[in-house]
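Let me begin by presenting the structure, written as structure tokens, before commenting on it.
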Amino acid sequence: MGARKRWPHAAAAGTETAMEILLIIRFCCNCTYALLYKPIDRVTRSTLVLHDLLKHTPVDHPDYPLLQDALRISQNFLSSINEDIDPRRTAVTTPKGETRQLVKDGFLVEVSEGSRKLRHVFLFTDVLLCAKLKKTSAGKHQQYDCKWYIPLADLVFPSPEESEASPHVHPFPDHELEDMKMKISALKSEIQKEKANKGQSRAIERLKKKMFENEFLLLLNSPSIPFRIHNRNGKSYLFLLSSDYERSEWREAIQKLQKKDLQAFVLSSVELQVLTGSCFKLRTVHNIPVTSNKDDDESPGLYGFLHVIVHSAKGFKQSANLYCTLEVDSFGYFVSKAKTRVFRDTTEPKWDEEFEIELEGSQSLRILCYEKCYDKTKVNKDNNEIVDKIMGKGQIQLDPQTVETKNWHTDVIEMNGIKVEFSMKFTSRDMSLKRTPSKKQTGVFGVKISVVTKRERSKVPYIVRQCVEEVEKRGIEEVGIYRISGVATDIQALKAVFDANNKDILLMLSDMDINAIAGTLKLYFRELPEPLLTDRLYPAFMEGIALSDPAAKENCMMHLLRSLPDPNLITFLFLLEHLKRVAEKEPVNKMSLHNLATVFGPTLLRPSEVESKAHLTSAADIWSHDVMAQVQVLLYYLQHPPISFAELKRNTLYFSTDV
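Counted from 1, the sequence shown has number 456 at position 456 by UniProt numbering; the numbering is strictly sequential.
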């Protein structure tokens with residue numbers, strides 16, 4: 001008992017205590033895995049006690065060597081199962097005795113119990129593991145909690161027809177996604193202001209936290225492309241992805257591993273804990289893909305317009321009906337922006353089609369090559385669309401130094417043995433939307449709308465009426481109408497025909513791709529000498545949309561419409577009604593009022609060049625300060641009950657006429 005008196009923590013230790021701990025450790029370490037699940041927690045706690053005992057035990061104490069030995073055994077045992085395991089000498093093996101390796105991992109949105117959950121998914125050589133990052137107290141290592149796993153030998157992909165019995169995926173409302181984008185942009189602006197004014201770091205961190213929360217919500221709710229997997233012995237699981245690109249990547253990686261001779265198995269609780277514990281060290285994707293995770297010196301991405309020409313492709317083994325789609329990233333997820341025409345029955349398609357793609361802080365361009373399927377029986381029950389086969393896919397980083405030149409940059413992207421040749425160049429937003437009045441005496445592009453309507457003796461320019469009529473006749477159900485870019489050469493051909501007032505306009509319109517016609521209409525409004533809603537009224541529109549009182553906002557926004565010149569107002573109201581009719585077909589064309597406002601807002605409403613220079617300092621500021629507000633102005637009118645020109649002019653509101 002005298003030995004206990006020499007220890008500061010006499011009640012907690014002693015020769016008997018040290019011997020007991022040593023015996024427990026030796027017993028635990030020599031147990032079979034089946035008996036180890038509960039003792040693991042005891043070993044962890046005992047290790048902490050041993051540290052404390054050694055700290056307060058004299059070196060010459062007879063129990064000191066015993067405690068050292070116990071601590072060494074305990075630490076060696078824990079090091080083989082905790083998250084600090086060396087990935088090069090992983091202790092976990094497959095049922096065939098091979099070393100289990102991590103092949104791919106990433107953050108995916110899982111639909112679980114009717115709600116969206118962000119998961120970190122790990123694909124090992126023989127198993128797919130879905131995990132959730134545990135919340136840990138400050139200073140502790142992060143750990144993963146396994147939600148479920150499927151041995152690859154038991155994993156199957158349901159066919160589109162088999163997905164019919166699965167619950168339908170309802171996309172998140174567009175207006176809520178747009179609200180999140182607005183909040184993110186406003187918070188980015190506030191952070192930049194705080195930094196410029198050398199604000200308190202605490203205030204900046206608070207703003208960053210709010211921005212992260214909104215970016216996380218956007219990342220969680222924006223994906224809508226279903227990726228279903230099934231355990232042949234039981235349950236099915238559903239992920240939502242933002243692009244066919246990711247779905248194809250995961251599917252291909254899994255199918256490649258399944259070509260090996262895999263065996264079915266069941267992991268014991270300890271084996272599962274060891275595997276999950278290794279995820280933190282092995283993972284290759286460390287952060288949720290949101291901008292607030294990036295360092296301040298990282299590129300903010302590109303804001304403006306990327307011009308891309310898809311030239312040709314080769315490397316196909318047999319003839320097929322081929323086309324390409326173009327995607328760029330926006331707010332952490334990818335959006336499809338353009339699609340080439342289908343080149344039929346060929347191994348060497350030559351598209352030579354140019355597209356203009358709007359960038360919103362984008363850093364990557366993706367090109368996907370598809371084989372068009374005309375078999376109407378192969379319909380995906382999730383979105384009621386015929387499933388086309390991906391032949392190849394590739395991605396390139398949009399390096400500002402490479403892209404931001406006046407000259408075209410030609411490159412080749414390789415994908416699964418297929419090579420696609422393309423060219424691209426970038427135009428900043430302020431340059432691309434810079435309005436230059438036409439010097440021509442005739443034509444419609446770049447000419448004041450009042451001049452065109454007076455010359456034509458019409459209330460709405462002929463080009464607007466004809467393009468709208470054609471879109472409503474055969475393009476109103478086209479997926480992505482007005483969002484998907486038309487071929488630039490086709491748009492330029494239509495522009496030349498309208499400018500020349502060619503008698504073959506109607507014939508040409510009837511034969512032209514509908515996306516080119518939609519693009520021609522957008523180009524007409526973009527090239528007006530001043531925006532349709534005018535430079536003079538721009539500041540008032542920005543102030544009006546920011547009003548919080550509904551009655552005051554209504555009075556202001558209606559007064560601003562009455563203040564427009566008649567040709568501008570009549571054309572604007574004509575366009576509004578057309579866009580509302582397009583949005584009525586949203587279940588088919590996927591274009592909501594919010595989508596349409598996003599496409600047309602920055603074109604119809606834009607600050608004058610003088611005002612832009614006075615208030616904005618960078619391309620990113622242009623987006624965060626102005627574009628979201630421009631979208632909201634158009635959205636306000638799109639969501640408003642029908643507005644009559646005659647009614648507007650008849651009504652008089654007691655509101656200042658000094659605008």
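Each residue gets a CB set at the ideal place from its N, CA and C atoms; glycine is no exception.
Proximal residues to residue i (C-beta, below 6 angstroms), its chain only, five neighbours per side dropped
| i | result |
| --- | --- |
| GLU178 | HIS594 |
| ASN651 | none |
| LYS649 | none |
| SER656 | Per-residue confidence for SER656 stands at a pLDDT of 41, beneath the threshold of 50, marking its modelled position as unreliable; the derived number appears in the next sentence. Cβ neighbours of SER656 beyond the five flanking positions: none. |
| PRO567 | ILE449, SER450, THR453 |
| GLU527 | PHE445, GLY446 |
| TYR237 | ILE229 |
Closest by C-alpha distance to residue i, when choosing among the options
| i | options | result |
| --- | --- | --- |
| TYR636 | ILE418, SER563, LEU128, ASN555 | ASN555 |
| GLU371 | PRO349, GLU358, GLY361 | PRO349 |
| residue 681 | PRO539, GLU194, VAL266, GLU470 | The chain is shown only over 1 to 659; residue 681 falls outside these bounds and no answer can be derived. |
| VAL266 | ARG581, TYR149, ALA131 | TYR149 |
| ILE204 | ARG251, SER189, LEU217, ILE514 | SER189 |
| GLU356 | THR427, VAL387, GLN397 | THR427 |
| HIS409 | ASP399, ILE418, MET415, SER224 | ASP399 |
| GLY301 | LEU128, LYS454, GLY601, GLN363 | GLN363 |
| CYS324 | GLU194, GLN273, HIS61, ASP388 | ASP388 |
| PHE239 | VAL109, GLU543, THR346, HIS120 | VAL109 |
| PRO158 | ARG232, LEU507, ASN568 | ARG232 |
| ALA493 | SER485, LEU509, TYR482, ARG483 | LEU509 |
| ASP345 | ALA320, LYS198, VAL497, SER330 | ALA320 |
| HIS286 | HIS120, ILE481, ASN515 | HIS120 |
| GLU478 | ILE517, THR489, LEU573 | ILE517 |
DSSP three-state assignment for residue i, whether helix, strand or coil
| i | result |
| --- | --- |
| THR90 | Residue confidence for THR90 is low, a pLDDT of 42 falling below 50, so the modelled location carries little weight; the figure read from the coordinates is stated next. Here THR90 sits in coil by DSSP. |
| ASP549 | coil |
| TYR538 | helix |
| GLN395 | strand |
| HIS56 | coil |
| GLY139 | Note that GLY139 scores 49 on pLDDT, short of 50, meaning its location in the model is unreliable and no value can be drawn from it. |
| ASP490 | helix |
| LEU129 | strand |
| ILE418 | strand |
| HIS230 | strand |
| VAL336 | Note that residue 336 is Ser in the sequence shown, not Val. DSSP places SER336 in strand when its eight states are reduced to three. |
| residue 673 | Any property of residue 673 remains undetermined from this structure, which presents the chain solely from 1 to 659. |
| VAL49 | helix |
| HIS61 | coil |
| LEU561 | helix |
Bounding residues of the beta strand (DSSP E) (the contiguous stretch that carries residue i)
| i | result |
| --- | --- |
| ASN568 | Note, ASN568: premise wrong, no beta strand (DSSP E); alpha helix (DSSP H) at 566 to 584. |
| PHE122 | 115 to 124 |
| ASP352 | 350 to 362 |
| ILE150 | 144 to 151 |
| THR453 | Premise fails: THR453 lies in the alpha helix (DSSP H), 449 to 456, not in any beta strand (DSSP E). |
| TYR245 | Note, TYR245: premise wrong, no beta strand (DSSP E); alpha helix (DSSP H) at 244 to 258. |
| VAL387 | No beta strand (DSSP E) contains VAL387, which DSSP labels as neither H nor E. |
| TYR374 | Per DSSP, TYR374 belongs to no beta strand (DSSP E) and is neither H nor E. |
| LEU238 | 236 to 241 |
Residue span of the alpha helix (DSSP H) that contains residue i, given as start and end
| i | result |
| --- | --- |
| ALA597 | 593 to 604 |
| VAL102 | Checking the displayed sequence, the identity of residue 102 turns out to be Leu instead of Val. First-last for LEU102: 102 to 112, but that is the beta strand (DSSP E), not the alpha helix (DSSP H). |
| LEU635 | 628 to 639 |
| CYS324 | Premise fails: CYS324 lies in the beta strand (DSSP E), 320 to 330, not in any alpha helix (DSSP H). |
| ILE288 | Premise fails: ILE288 is in no alpha helix (DSSP H) and is neither H nor E. |
| ILE204 | 201 to 221 |
| HIS175 | 174 to 196 |
| LEU306 | No alpha helix (DSSP H) contains LEU306, which is instead part of the beta strand (DSSP E) from 302 to 314. |
| ASP345 | Looking at the DSSP string, ASP345 is not in any alpha helix (DSSP H); the run it does join, the beta strand (DSSP E), is 343 to 346. |
| ASN511 | Note that residue 511 is Asp in the sequence shown here, rather than Asn. Taken as a continuous stretch (DSSP letters only), the alpha helix (DSSP H) holding ASP511 covers 505 to 511. |
| VAL270 | 269 to 282 |
Beta-carbon contacts of residue i that lie in its chain and below 7 angstroms, excluding the five residues immediately before and after
| i | result |
| --- | --- |
| ARG247 | ILE225, PHE227, LEU241 |
| VAL290 | PHE212, GLU215, PHE216, LEU219, GLY332 |
| residue 734 | Because residue 734 is not part of the residues shown, which for the chain are 1 to 659, the question remains open. |
| VAL633 | PHE541, ILE545, GLY601, LEU605 |
| ASP329 | SER362, GLN363, SER364 |
| ALA264 | PRO151, ALA153, ASP154 |
Residues near residue i by beta carbon distance below 8 angstroms, same chain, minus five either side
| i | result |
| --- | --- |
| LYS124 | For the record, residue 124 in the displayed sequence is Phe; it is not Lys. If we look at PHE124 and ignore the five residues flanking it on each side, its Cβ neighbours are ARG100, GLN101, LEU102, VAL103, LEU275. |
| GLU176 | ASN221 |
| CYS369 | ALA313, LEU322, TYR323, CYS324, ILE390, MET391, GLY392, LYS393, MET415, ILE418, VAL420 |
| LEU155 | LEU128, ILE229, HIS230, ASN231, ARG232, ILE254, GLN258 |
| ARG411 | Residue identity differs from the one stated: residue 411 is Asp in this sequence, not Arg. Answer for ASP411: ILE396, GLU421, PHE422, SER423, MET424, listed in chain order. |
| ASP504 | VAL497 |
| PHE172 | ASN221, SER222, SER224 |
CB contact below 8 angstroms: residue i versus chain C
| i | result |
| --- | --- |
| GLY114 | Absence of chain C from the displayed structure is noted, only one protein chain being present. |
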